[in-house]
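**Student:** For the sequence shown, the numbering used here assigns the number 1243 to the initial residue and increments by one for each residue that follows.
Glycine included, each C-beta is placed from N, C-alpha and C at the ideal position.
Predicted model only: the values in this text are computed from it and were never measured.
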Amino acid sequence: MGRLNGRVAIVTGAAQGMGEATARLFLEEGARVLLTDIDQERGAALAAALGGEAAFRTLDVADADDWARAVQIAAELFGGVDILVNNAGYYKPLSLLDSHSEEFGRHVEINDKGTFLGMQAVVAPMRAAGRGAVVNIASVAGLRGGPGMFSYGAAKWAVRGMTRSAAHDLAPFHIRVNAVLPGPIDTQMINTGNDPALNAAITERTLLKRMGQPREVAMATLFLASDEASYVTGTEIIVDGGYSA
């Protein structure tokens, strides 16, 4: 028996990295998963490779109409939505002095507006089911300041705040809302966003002296999405190898 048997999950940013690892793990644990991403080619190919309990739909997380269609597709294919993982994110390292309003706005659109719209979109099916679990992927950049992290850090601080407020608002409907805060994880986003010297310095700062793997973040997400966390809401799990210790 898998820990997510009979559950239906939507995972955003699922074409690669932590989203892909989460979708794979959820499928292993018995869930049916709607993978979503703006990368249609990669996402569709991944869903096809994962088999009949997985499906893919292109989703711009900053578009409310796109969210409505994604939720409708999950209901048509799998019967509803029990779990939402707001994993899609955007990262470009810029200092306050180098930032500009367009780039700041892009961080907000994807990291914050996308999380907000996703949570709103799944309330109706989760209320109908009498239960639900939302896991928002924030970041340790939302725990402390740092050079070159102005827009990204601001956006991820906001995800933490939204998670805690939403936990209050949705608890009457038996919908739990929690966050996972990854540290340096070996994904395309950090490897292309940072230069190698910066990644080496970040890795050295961790207590475990290595980057994490996407599946290690997915394991924390699985716990929060499962009934094992039935008394856990409005909180967060840090997965950072001791980076923020």
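1) Report yes or no: do three or more beta-carbon pairs, one from the stretch 1362 to 1381 and one from the stretch 1418 to 1434, lie closer than 8 Å?
2) Do you know offhand how far Tyr1485's Cα is from Glu1318's?
3) Which first and last residues belong to the beta strand (DSSP E) in which Leu1246 is found?
4) Curious, which full-length beta strand (DSSP E) runs of at least 3 residues does the stretch 1311 to 1364 contain?
5) Suppose you measure from the CA of Leu1301 to the CA of Leu1326; what does that come to, to the nearest Å?
6) Just to confirm, are Ser1393 and Leu1336 a CB contact at a threshold of 8 Å?
7) Measuring only the C-alpha atoms, how far is Asp1411 from Leu1423?
8) Since Asn1420 sits in a beta bridge, which residues does DSSP pair it with?
9) What are the start and end residues of each continuous beta strand (DSSP E) run of 3 or more residues lying completely inside the stretch 1400 to 1447, in chain order?
10) Alpha carbon to alpha carbon, how far is Ala1310 from Phe1320? Give it in angstroms, no decimals.
11) Taking only the alpha-carbon atoms, compute the straight-line gap between Gly1285 and Ala1467 and give it to the nearest angstrom.
12) Run through DSSP, which three-state label would Arg1534 get?
13) Nearest to Leu1267 by CA position, among Ile1379, Arg1457, Val1365, Gln1258, is which residue?
**Tutor:** The structure says:
1) Because the criterion of three Cβ pairs below 8 Å is met, the stretch 1362 to 1381 and the stretch 1418 to 1434 touch.
2) Stepping through the sequence shown from its first residue, residue 1485 is reached at position 243. Stepping through the sequence shown from its first residue, residue 1318 is reached at position 76. Computed Cα separation, rounded: 42 Å.
3) For the purposes of this step, residue 1246 is taken as residue 4 along the sequence shown, with counting starting at 1. First-last for Leu1246: undefined, no H or E at that position.
4) Runs found: 1325 to 1328.
5) Along the sequence shown, one-based indexing puts residue 1301 at 59. Along the sequence shown, one-based indexing puts residue 1326 at 84. Cα to Cα, the separation comes out at about 14 Å.
6) As a first step, residue 1393 is located in the sequence shown; it is residue number 151 there, counting from the start. As a first step, residue 1336 is located in the sequence shown; it is residue number 94 there, counting from the start. Taking 8 Å as the cut-off, the Cβ atoms of Ser1393 and Leu1336 count as close.
7) Reading the sequence shown from its first residue, position 169 is the one you call residue 1411. Reading the sequence shown from its first residue, position 181 is the one you call residue 1423. Whole-angstrom Cα-Cα distance: 21 Å.
8) The sequence position of residue 1420 within the sequence shown is 178, counting from 1. DSSP lists Val1377 as the bridge partner or partners of Asn1420.
9) List check, beta strand (DSSP E) in window: 1417 to 1424.
10) Position 78 of the sequence shown, counted from the start, is the residue given in the question as residue 1320. Position 68 of the sequence shown, counted from the start, is the residue given in the question as residue 1310. Cα atoms of Phe1320 and Ala1310: separation of roughly 15 Å, rounded to the nearest angstrom.
11) What you label residue 1285 is simply residue 43 of the sequence shown in a count that begins at 1. What you label residue 1467 is simply residue 225 of the sequence shown in a count that begins at 1. Those two C-alpha atoms are separated by around 22 Å.
12) The structure shown does not extend to residue 1534, since the chain spans only 1243 to 1487, so no value can be given for it.
13) Here residue 1267 corresponds to residue number 25 of the sequence shown, with the count starting at 1. Nearest C-alpha to Leu1267 among Ile1379, Arg1457, Val1365, Gln1258: Arg1457.
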